[in-house]
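Residue numbers (the UniProt record's numbering): 1 to 521.
Notes follow once the structure below has been shown.
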């Protein structure tokens, strides 16, 4: 047997054999395998890691799907801790778990089950140790699993998991709730009706469009947390490849919401790398009901539909029918609801008092984001933000690695004097520093296996949209253009073709591009 293969032995009615079970589960996990399939036979190292993850999820389901808060409370009875971040990492497979963490989770599940009549073997430390060793320590070859799908029971789907930014804190720094009170919007009725209809029909796609600070993601999050979706789960694929594989994944089951915030990130401009409508249709052909929800800016939506050469991306949008549109501004009726709620909510009271920006813009931190762009404390911060803005304008939706961002930012240096030794570190620190404990101009994308490590950076949505309208727009320097052309790992996002790319350069207000600088490969 090689290093990455293990044989699973199946026990049935006292007999030992190999192959799939007929009715009971694998090894000692009788009754758990119904949640994700039999999982027996020859398995690679990655498959074993995924199987162990499925065992943990199945145990939680078997004891009644306790919430993260309940599990942490049960752990606390023994002086142990299971914070939501640890549980999220454990149940979403973000890194190899420590066995001590596994057993804290198992003991918490046992306490939640209490006297539910479940067999004690389900919680036996010796058996979990054997299973941990089989899946993680086989042949003394630790395995780094691929990032797992992010899956939550809808009741545990937090605002941060959904991609909802915290509202900015008050000027005095007073403690507040994570989010302001939700102001019901007129589009909520249409959104919830369409979600319910898609669920009743067995599956479908709902697309919501709105500006970066229109709070469209909050609207969808509020809608899927209603009683209509009680008992459902939410799956958030990391990228198009993971989404394409979802139909055949054990993570997919009936009563699933597939969460695609910023849908354009799953639709690279070269069709062979992105998503097709058949990938989505396959989801509810495997299980029903499955509802796919996506969000997108209106201008990006229009650009894709008007891009006649890319029928693949357009067909995905057409699968949803017309989008649910979220207006930037509140109607008179919504403003009246806001005034009533603001009496008891300091977030709403402060935001509604701003005369220069709308409510949703203030809650999204728009005034302070614009100030950081226009008047950074460190002049080189503007260079880094300008490079990130150029990438967004050129169609790059994936995070920029730090090395590439540094190289592109050099094109925006204010003069020819040598930059300070630590210019990039200082600029990056200011650009990603949270404003009022909520938003930052540059958003780091964390490594799934190391929360302290950023794999890349993107310009925050509000600034990207603000600058795309021509507010403070700058020509793209040759240095930045060449850096993006030669170094970006996802050049496939950008439109190929010298003529088309040069026409975009003219629209961006830059000087003619040097020969060969427009070949995006």
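Even for Gly, the Cβ is constructed at its ideal location relative to N, Cα and C.
Here DSSP, grouped into helix, strand and coil, assigns residue 236 to strand.
Counting C-beta pairs closer than 8 Å gives three or more between the region 412-432 and the region 380-388, which meets the contact rule.
For residue 226, the secondary structure class from DSSP, reduced to helix, strand or coil, is coil. Annotated three-state conformation of residue 459 is strand, per DSSP. Note on the region 68-92: whole alpha helix (DSSP H) runs with a minimum of 4 residues are 68-76, 84-92, in chain order.
In its chain, beyond the 5 residues on either side, no residue has a beta carbon closer than 6 Å to the beta carbon of residue 241.
Excluding its 5 nearest sequence neighbours in each direction, residue 159 has C-beta neighbours in its own chain below 7 Å: 178, 179, 221, listed in chain order. For the 8 Å CB-CB criterion, residue 369 and residue 457 do not form a contact.
402 is the residue among 435, 402, 119, 439 whose C-alpha sits nearest the C-alpha of residue 425.
Taken through DSSP and simplified to helix, strand or coil, residue 446 comes out as strand.
The beta-bridge partner set that DSSP reports for residue 259 consists of 293.
Excluding the 5 residues flanking it on each side, residue 210 has same chain C-beta neighbours closer than 6 Å at 216, 326, in chain order.
Note that the C-beta distance between residue 62 and residue 72 is not below 8 Å.
Residue 243 is bridged by DSSP to nothing; it lacks a bridge partner. In terms of CA proximity to residue 382, 406 leads the group 361, 394, 406. DSSP places residue 420 in the coil class of the three-state scheme, outside both helix and strand. In this structure, residue 152 places its C-beta atom within 8 Å of the C-beta atom of residue 233.
Assignment of residue 363 by DSSP, reduced to helix, strand and coil, places it in the helix class. Looking at the DSSP output, residue 221 sits in no beta bridge, so it has no partner there.
Taking C-beta atoms as the reference points, residue 260 and residue 291 fail to come closer than 8 Å.
Inclusion of residue 468 and residue 408 in the CB contact set at 8 Å is not warranted, their separation being larger than that value.
Residue environment analysis places residue 212 among the buried positions, since at least 16 neighbouring C-beta atoms fall within 10 angstroms of its C-beta.
For the set 126, 156, 103, the Cα lying nearest the Cα of residue 85 is the one of 156.
Look at the beta carbons and you see the region 348-355 not touching the region 198-208: under three pairs across the two are nearer than 8 Å.
Where residue 106 is concerned, there is no enclosing beta strand (DSSP E), although the alpha helix (DSSP H) around it starts and stops at 99-113. The shortest CA-to-CA distance from residue 194 to any of 185, 223, 404 is the one to 223. Annotation: the region 312-365 contains the following complete segments of the beta strand (DSSP E) (minimum length 3 residues), in chain order: 324-326. For residue 150, the enclosing beta strand (DSSP E) starts and ends at 150-153. By the neighbour-count definition (other C-beta atoms within 10 Å, threshold 16), residue 345 is a buried residue. Taking the C-beta atoms as reference points, residue 275 is found no nearer than 8 Å to residue 246. With respect to the 8 Å criterion, residue 280 and residue 316 are classified as neighbours on the basis of their beta carbons.
The DSSP-derived three-state label of residue 403 is helix. Leaving aside the five residues that flank residue 432 on each side, the residues in its chain whose CB is nearer than 6 Å to its CB run, in chain order, 440, 442, 444. Annotated three-state conformation of residue 304 is helix, per DSSP.
In this structure, the straight-line span from the alpha carbon of residue 397 to that of residue 130 is close to 44 Å.
Taking all protein chains in view, the Cβ of residue 305 is surrounded by fewer than 16 other Cβ atoms within 10 Å, so the residue is classified as exposed.
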